[in-house]
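Participant:
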Amino acid sequence: MTLPNLAPIPELYVSHESAQKLKIEAGNLPSWDLTPRQICDLELLMNGGFFPLKGFLGEADYDGVVENMRLADGTLWPMPITLDVTEKFAEGIAPGQDIALRDQEGVILAILSVTDKWVPNKAKEAEKVFGADDLAHPAVNYLHNTAGAIYLGGPITGIQQPVHYDFKGRRDTPNELRAYFRKLGWQKIVAFQTRNPLHRAHQELTFRAAREAQANLLIHPVVGMTKPGDVDHFTRVRCYEAVLDQYPQSTTTMSLLNLAMRMAGPREAVWHGLIRKNHGVTHFIVGRDHAGPGKNSQGVDFYGPYDAQTLFKQYEEEIGVTMVDFKHMVYVQEKAQYYPANEVPEGCTVLDISGTELRRRLREGLDIPEWFSFPQVVAELRRTSPARAKQGFTVFFTGLSGSGKSTIANALMVKLMEMGGRPVTLLDGDVVRKHLSSELGFSKEHRDINIKRIGYVASEITKNGGIAICAPIAPYTATRRAVREMIEAYGAFVEVHVATSLEECESRDRKGLYKLAREGKIKEFTGISDPYEVPTSPELAVDTTGVDVDHCAHQVILKLESMGLIKA
Ligand code: PPS
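Under the working numbering, think of the first position of the sequence shown as 1, with each following residue one higher.
Structure below.
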């Protein structure tokens, strides 16, 4: 039996007095503005959540972690915790230098004493850590398309915790949790990691796990960064608070963990175990497809359903936390109660609602029965996920100059306004270039900035329940993908490829630009002297050759109807 060692765990903070002094001195250092993911990592580095790490990994530790889940000294650590920066920032930094790490408002949180600076082999990192160099994996996509090209490593001197304004009373450092367990005399604690709302089946399984291990229960949800598209943590925490009342008093507590998940399945499970060990727990529930990212680009699951349990079991002793395997709980109608799926009495009717089915019911405003979830949880979910026909969304037209994007977009706007219900905003290529991007030209860099601005505005419109119609050329796949991700966090993204051929666009030459481009009088002209990467899987492709605008706009309307975004 593992008894918890609830002594305080080392943190990386200096004393309050030294912190004040350091903060002033650090004002003169080169400073790096941390990304949201880096802020999460830094918080857990500083408060001991990532013990025994003393800072962002140096190159030798990184190599060991990537290769075989071990730091250079042999300690088990499965996840590279690295500080990625841009090439431009890295140019001015050399090992031996200190840099100030700031949050997004410019507050100095820590000092990094740089010992290592290197160019990582990202393809190898993806293969080894996430199992495949496949952009369908959210962390691989982040690695290639968001993370900077250079890594800096070295020890951290902690100045202050990142500031949180939400659910302050529910956030605990490892030492605060350890002190809480000590105070209550809890010796065995089962932790449950989650990034989803809890329903009755989860309540049953967590409580059952605690009972079997004769332990207390810690609901330990992740509120840092989870999988894109997950229910936001504000909604989830309100849901968790409702479920907490369902456990027998004083058996269970909840604490929020500001972790940035990587969805790395088996490696992630081991990592979660180590983090929970640092928070003072003795047991950890590992489920089917723990921290799974879903399907790869071939439509196959990245990891086997029990890979995480197998890897955790293999390292259980070293992690120092006992694995409790997740029982898949199902509702048995005749008995009006939950049973583990493999213990259902013979001849009984099993009821279950999958995550996909639940999302469909929420989207379509359909019934969610009481046997499945708690009424307060369902009410919370309905408040923040209204039926699809009431949510905001973005229609993103892309295609060559003169393909007909703006004309169809205008027709679509009018049709949607005629239907009413939601405000409609048109972000046309030319109009955006006049009001939002007037200083930009047509280099790849400038086009990307332009499209990301459009994406940002569209994501805000979508978040607030409106309809955004965008109609730029948007020639690059990666940039369109980045915009999709920005928007899908809040609502649907409908990519419409206006696939009119170059020959047709050129023969129309409505603005006379193709002629000038052919004569070399306009440089970097899309389709002539600049690339257009054709979308491979848009929601819809329309060709305007020989077809009237009304018909094309109608095709978009039909698509929106079939996606449940508008009601007929
Ligand atoms: S991009 O690539 O998405 O940022 O382009 P976008 O903002 O949609 O701007 C395209 C409009 O600008 C005019 N124009 C050019 N297009 C392409 N290449 C070059 N070099 C260029 N120079 C000016 C052109 O009128 C485009 O309008 P549309 O409506 O697409 O014809």
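Ideal Cβ placement from N, Cα and C applies to all residues, glycine included.
(1) Below 8 angstroms on the Cβ atoms is my contact criterion, and I expect residue 110 with residue 156 to pass it. Report the Cβ-Cβ distance as a whole number of Å.
(2) For residue 260, name the three-state secondary structure that DSSP assigns.
(3) What I want to know is whether the C-beta of residue 201 ends up closer than 6 angstroms to one or more non-hydrogen atoms of ligand 1.
(4) Report whether the distance from the Cβ of residue 50 to the nearest heavy atom of ligand 1 is below 6 angstroms.
(5) Identify, in the order they occur along the chain, each residue of the same chain with its Cβ nearer than 6 angstroms to the Cβ of residue 486, setting aside the five sequence neighbours on each side.
(6) In terms of alpha-carbon separation, which member of 122, 102, 126 lies closest to residue 160?
(7) Can you tell me the Cα-Cα spacing of residue 263 and residue 424, whole angstroms?
(8) For residue 565, which residues from the same chain have a beta carbon less than 8 angstroms from its beta carbon, with the 5 sequence-adjacent residues on both sides left out?
(9) Within 10 Å of its beta-carbon, does residue 470 have 16 or more other beta-carbons around it, so buried, or fewer, so exposed?
(10) Report the rounded CA-to-CA distance for residue 1 versus residue 317, giving the unit in angstroms.
(11) Check whether the stretch 275-289 touches the stretch 139-159, taking contact to mean three or more Cβ pairs, one atom from each stretch, closer than 8 angstroms.
(12) Tell me where the alpha helix (DSSP H) around residue 200 begins and ends.
(13) Taking 6 angstroms as the cut-off, is the C-beta of residue 67 nearer than that to any heavy atom in ligand 1?
(14) Using a threshold of 7 angstroms, state whether the C-beta atoms of residue 503 and residue 514 are closer than that.
(15) Within 10 Å of its beta-carbon, does residue 130 have 16 or more other beta-carbons around it, so buried, or fewer, so exposed?
(16) Beta carbon of residue 191, beta carbon of residue 220: below 7 angstroms?
(17) Going by DSSP in three states, residue 398 sits in which element: helix, strand or coil?
(18) Within the continuous beta strand (DSSP E) that includes residue 25, where are the two ends?
(19) Within the same chain, show all residues whose beta-carbon is closer than 8 angstroms to that of residue 99, passing over the 5 residues directly before and after it, in chain order.
(20) I'd like to know if the stretch 256-274 and the stretch 207-227 are in contact, where contact means that at least 3 CB-CB pairs between them fall below 8 angstroms.
(21) Cutting at 6 angstroms between CB atoms, please list the residues of its own chain near residue 333, excluding the five before and the five after it.
(22) How should residue 406 be labelled, buried or exposed, when 16 other C-beta atoms within 10 angstroms of its C-beta is the threshold for buried?
(23) For a test of the three-state rule: what should DSSP assign to residue 306, helix, strand or coil?
(24) Please report the distance separating the alpha-carbon of residue 250 from that of residue 313.
(25) What three-state label does DSSP hand residue 1 in the structure shown?
(26) With DSSP as the reference, label residue 292 as helix, strand or coil.
(27) Using three-state DSSP, classify residue 164 as helix, strand or coil.
(28) Return the residue from the list 208, 125, 448 that minimises the CA-CA distance to residue 477.
(29) Just reading off the beta strand (DSSP E) that residue 578 is part of, what are its end residues?
(30) Residue ranges of each alpha helix (DSSP H) run of no fewer than 4 residues wholly in the stretch 74-126, ordered along the chain?
(31) Using DSSP with H/G/I as helix, E/B as strand and the rest coil, what is residue 155?
(32) If you count every other CB in all the chains shown that lies within 10 Å of the CB of residue 589, and 16 or more means buried, which is it?
(33) At which residues does the beta strand (DSSP E) containing residue 181 begin and terminate?
(34) Enumerate in chain order the residues of its own chain whose CB-to-CB distance from residue 562 is below 6 angstroms, with the five nearest sequence positions on each side excluded.
(35) Within the same chain, show all residues whose beta-carbon is closer than 8 angstroms to that of residue 508, passing over the 5 residues directly before and after it, in chain order.
(36) Across the stretch 544-561 and the stretch 370-384, are there enough close Cβ pairs to call them in contact, namely three or more that are closer than 8 angstroms?
Facilitator: Working from what's here:
(1) Taking the sequence shown and counting its residues from 1, one reaches residue 110 at position 110. Taking the sequence shown and counting its residues from 1, one reaches residue 156 at position 156. That belief holds up - the Cβ atoms of residue 110 and residue 156 are roughly 5 angstroms apart, short of 8 angstroms.
(2) Counted from its first residue, the sequence shown places residue 260 at position 260. Residue 260: strand per DSSP, three-state reduction.
(3) As a working mapping, residue 201 is identified with position 201 in the sequence shown. No, the beta carbon of residue 201 sits no closer than 6 angstroms to any heavy atom of ligand 1.
(4) Translated into positions along the sequence shown, residue 50 becomes position 50. Every heavy atom of ligand 1 is 6 angstroms or more from the Cβ of residue 50, so no.
(5) Taking the sequence shown and counting its residues from 1, one reaches residue 486 at position 486. Taken in chain order, the residues that qualify are 455, 459.
(6) The sequence position of residue 160 within the sequence shown is 160, counting from 1. Closest by alpha carbon: 102.
(7) Your numbering for residue 263 matches position 263 in the sequence shown. Your numbering for residue 424 matches position 424 in the sequence shown. Near 35 angstroms, if we compare the C-alpha coordinates of residue 424 and residue 263.
(8) Taking the sequence shown and counting its residues from 1, one reaches residue 565 at position 565. The residues are 388, 389, 391, 393, 492, 494.
(9) The sequence position of residue 470 within the sequence shown is 470, counting from 1. Buried is the call here.
(10) If you number the sequence shown from 1, residue 1 lands on position 1. If you number the sequence shown from 1, residue 317 lands on position 317. Legend: pLDDT at residue 1 = 40, less than 50; position of this residue unreliable, value from coordinates given subsequently. Near 11 angstroms, if we compare the C-alpha coordinates of residue 317 and residue 1.
(11) no
(12) Your numbering for residue 200 matches position 200 in the sequence shown. First-last of the alpha helix (DSSP H) with residue 200: 200-212.
(13) Counting from 1 along the sequence shown, the entry for residue 67 is found at position 67. Residue 67: no, Cβ never under 6 angstroms from ligand 1.
(14) Locating residue 503 in the sequence shown gives position 503, where the first residue counts as 1. Locating residue 514 in the sequence shown gives position 514, where the first residue counts as 1. Not closer than 7 angstroms, so no.
(15) Taking the first residue of the sequence shown as position 1, residue 130 is located at position 130. It counts as buried.
(16) Taking the sequence shown and counting its residues from 1, one reaches residue 191 at position 191. Taking the sequence shown and counting its residues from 1, one reaches residue 220 at position 220. Yes, Cβ-Cβ distance for residue 191 and residue 220 is below 7 angstroms.
(17) Residue 398 sits at position 398 when you count from the first residue of the sequence shown. It is a strand residue.
(18) As a working note, residue 25 is residue 25 in the sequence shown. Run containing residue 25: none in the beta strand (DSSP E); it sits in the alpha helix (DSSP H), 16-26.
(19) If you number the sequence shown from 1, residue 99 lands on position 99. Excluding sequence neighbours, residue 99 sits near 29, 30, 31, 32, 93, 111, 112, 114, 152.
(20) yes
(21) Taking the sequence shown and counting its residues from 1, the one referred to as residue 333 is at position 333. Counting only Cβ-Cβ distances below 6 angstroms, and skipping sequence neighbours, we find 349, 351.
(22) Residue mapping note: residue 406 aligns to position 406 of the sequence shown, counting from 1. Answer is buried; the Cβ neighbour count reaches 16.
(23) Taking the first residue of the sequence shown as position 1, residue 306 is located at position 306. Looking at residue 306 - three-state DSSP - the assignment turns out to be coil, as it is neither helix nor strand.
(24) Here residue 250 is taken as the residue at index 250 of the sequence shown, counted from 1. Here residue 313 is taken as the residue at index 313 of the sequence shown, counted from 1. Looking at the two C-alpha atoms, the distance is approximately 30 angstroms.
(25) Looking up residue 1 in the sequence shown gives position 1. Unreliable positioning characterises residue 1 in this predicted model, as indicated by a pLDDT of 40, which lies under 50. The coordinate reading is nonetheless provided below. Note: residue 1 maps to coil in three-state DSSP.
(26) Here residue 292 refers to the residue found at position 292 of the sequence shown. It is coil, neither helix nor strand.
(27) The sequence position of residue 164 within the sequence shown is 164, counting from 1. Residue 164: coil per DSSP, three-state reduction.
(28) Position 477 of the sequence shown, counted from the start, is the residue given in the question as residue 477. It is 448 whose Cα lies nearest to the Cα of residue 477.
(29) There is no way to answer for residue 578, as the model of the chain reaches only from 1 to 568.
(30) 87-91, 122-125
(31) Walking along the sequence shown from the start, residue 155 turns up at place 155. It is a strand residue.
(32) With the chain running from 1 to 568 in the structure shown, residue 589 is simply not present.
(33) For the purposes of this step, residue 181 is taken as the residue at position 181 of the sequence shown. Counting along the chain, residue 181 falls outside any beta strand (DSSP E), though it belongs to the alpha helix (DSSP H) covering 174-184.
(34) Here residue 562 is taken as the residue at index 562 of the sequence shown, counted from 1. Excluding residues within five positions, none has a Cβ falling inside 6 angstroms.
(35) Here residue 508 corresponds to residue number 508 of the sequence shown, with the count starting at 1. If we look at residue 508 and ignore the five residues flanking it on each side, its Cβ neighbours are 402.
(36) no
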